[in-house]
Amino acid sequence: MPEGHTIHRLALDHRERFEGRTIRATSPQGKFAAGAALIDGAVMDTAEAHGKHLFLGFGPDRWVHIHLGLFGKLGFGTAPPPPPTDTVRLRLTGHGHHADLRGPTTCALITDAEKRAIHDRLGPDPLRPGEDGDRAWRRISRSRTTVAALLLDQKVIAGVGNVYRAEVLFRHGIDPYLPGRDLRRDQWDAIWADLAALMREGVRNNRIDTVRPEHTPEAMGRPPRVDDHGGEVYVYRRTGAPCLLCGDAVRTAGLAARNLFWCPTCQPAAARP
Ligand SMILES: [Zn+2]
């Protein structure tokens, strides 16, 4: 599943191509035909993201709410576009560009109030302007749940996925099994600030890189990572490989239905207060 930086990048991609422009909208697959007809010929005011939710604005009370889920894809190209395949749920065309949405979990036309309700049930998103980690801290500091599970709970903090959760805990030397209520406030503030910085870089580069300058392949004289997700990371999907800091083998285990990755030496359970 894409992490929050990907959805914020898609919002930016929509704004760059379509903001302030009249859009033609169709649903070649037919499943969003009624919704597409209602925004066809409208101007896209804005596009924004909150966690893994994307919102395309077409004036008062007209938002297209998109959640890609596990299999959804959004692709861009120039206009006029090629004939659509029947898997395209929503095609937007305008001003020399087109965007094709395929296979989303959600693609629905919603009102301002319905959009507000979605924001209200999501935790703060480190990539949204004006958000801070206080609301997340109030939940984390009261919870017996592990900090690794809390970081993936979209009601606690929105947009963090499996890669950022593993990497940010490694970068701060925190045991992933530490209960939320045993995390210190200064540790949380550092995690929040680091997530915001890492995810902003993720939006910019459209990939996840989490290693510090001294641990890049060039700095360490090691081969670059080979993985379909691209970037340089410390522990994500590096099971059994030597930790870039201490050389110990990176471990993995299932937690909250997702694989967790960590270094037992750099993130010791003994570090619990
Ligand atoms: Zn280590």
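The numbers in the sequence shown follow my numbering, run straight up by one, and end at 279. From the three backbone atoms N, C-alpha and C, an ideal C-beta is built for every residue, glycine too.
- Three or more pairs of CB atoms, one per stretch, sit closer than 8 Å, so the stretch 171–189 contacts the stretch 146–158.
- Fully enclosed alpha helix (DSSP H) runs of no fewer than 4 residues occupy 118–127 and 140–146 of the stretch 96–153, in order along the chain.
- Around the beta carbon of Arg-15, 16 or more other beta carbons sit within 10 angstroms, so the residue counts as buried.
- Across the structure, Arg-97 and Phe-24 are spaced so that their CA atoms are roughly 13 Å apart.
- About 13 Å separates the Cβ atoms of Val-239 and Arg-228, ruling out a contact at the 8 Å cut-off.
- Looking at the DSSP output, His-56 shares a beta bridge with His-59.
- For Leu-175, the shortest C-beta to heavy atom distance toward ligand 1 is 7 Å or greater.
- Taking 8 Å as the cut-off, the beta carbon of Ile-116 is found no closer than this to the beta carbon of His-56.
- Taking the C-beta atoms as reference points, Val-162 is found nearer than 8 Å to Gly-129.
- Shown here, Arg-218 sits in coil according to DSSP, grouped into three states, outside any helix or strand.
- The C-alpha of Ala-275 is placed about 46 Å away from the C-alpha of Glu-22.
- The beta carbon of Thr-99 sits no closer than 7 Å to any heavy atom of ligand 1.
- In this structure Thr-12 is buried. Its beta-carbon is surrounded by 16 or more other beta-carbon atoms within 10 angstroms.
- The stretch 157–232 is shown to contain whole alpha helix (DSSP H) runs of 4 or more residues at 168–177, 191–211 and 223–226, in chain order.
- In this structure, the straight-line span from the alpha carbon of Asp-195 to that of Pro-89 is close to 49 Å.
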